[in-house]
Amino acid sequence: FDNWTAAKPYQRVPYPLPRWTPQASTIATPDKTNAALLSRRYLSLKPYTREALAVQVANGLIGGTSASRLFTQLRKVEGLTYGTYSGTSQNDEDEVLSFGISGTFAPQNRARFEEVLNETKQDIIKNGLTRIELFAAKKVALERTKTNRENDASTASTLAFNAYKKLDFGFWQKQADLL
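When we follow this note's numbering, the leftmost residue of the sequence shown carries the number 511, and every step to the right adds one.
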C-alpha cells in the first residue's frame, strides 16, 4: 500500500437504531435433528454509562454464563437445550446496543423451549435479579476484566481501540470501578 491513495477520504457509514417489526421466521431443514432459536433486541443506549454497564452485568445473569437463569432453567432444570446463551454488542459510534438470546434444541421441544424462555423472561421482568446474583455477576465481570488484561491478544485489541478512541487504561479502570 506504499503508493496507494484513496480516491475519496474516509467517511464512516452510520448505523442508526434499527426499527424492525417483530417477526418469526422458520427455515425448514428436515435432514437436521437440531433446531435453533435466535432473537435480538436493539436499544438506544450511550456507551460507557452506568446504564450500559448495567445491561452488560444483567446479560451475565440472564444468559451470559452456564450459571445464568436461561441456562439453568432450559438446560439444567428442564433438559430442553444443548446450550442457550445471551449476549450484548455495543455500537459506540451510533449509540446502539443489541441484546440477543440464542439456543439449540430438538425440534419437537420447540414449544416447551419457547414457553420456558418466556416464563424465565417474565420472572426477571417481574421480580428482578437477586442481590446474590448481582454480587456474583459483578465478580465475574471484574475477573473477566483482569483475565482480558492478562491476555496478549485482548490487550493488543484494547490498545488499538484506545488509540482509535483516544482513551487509556485509566478509562477502563473507571469503568471497572463503576461495578
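We put the CB at the ideal spot given by N, CA and C, even for glycine.
From a predicted model like this one, the values you see are computed outputs, not experimental measurements.
When DSSP states are grouped into helix, strand and coil, R550 belongs to the strand group.
No Cβ-Cβ contact shorter than 7 Å links A646 with V567. Note that the C-beta distance between D602 and P557 is below 7 Å. At a Cβ-Cβ threshold of 7 Å, L580 and G574 do not count as neighbours. For Y674, the enclosing alpha helix (DSSP H) covers residues 662-675. Within 10 angstroms of the beta-carbon of S596 lie 16 or more other beta-carbons, which makes it buried. Between S608 and R550, the C-beta gap is smaller than 7 Å, which places the two residues in contact.
Pairing K631 with W514, the inter-Cα distance amounts to about 52 Å. Excluding the 5 residues flanking it on each side, F615 has same chain C-beta neighbours closer than 6 Å at A545, L590, T591, F623, in chain order.
Bridge pairing for F609: R551, T598 [DSSP]. When C-alpha distances from I642 are compared across K656, S578, P524, the shortest belongs to S578.
Of the residues G570, P617, S664, the one whose Cα lies closest to the Cα of A538 is P617.
Here the alpha carbons of Q683 and T655 stand approximately 9 Å from one another. Bounds of the alpha helix (DSSP H) holding D633 are 620-637. Within the same chain, R659 come within 7 Å of T665 by CB-CB distance, once the 5 residues on both sides are set aside.
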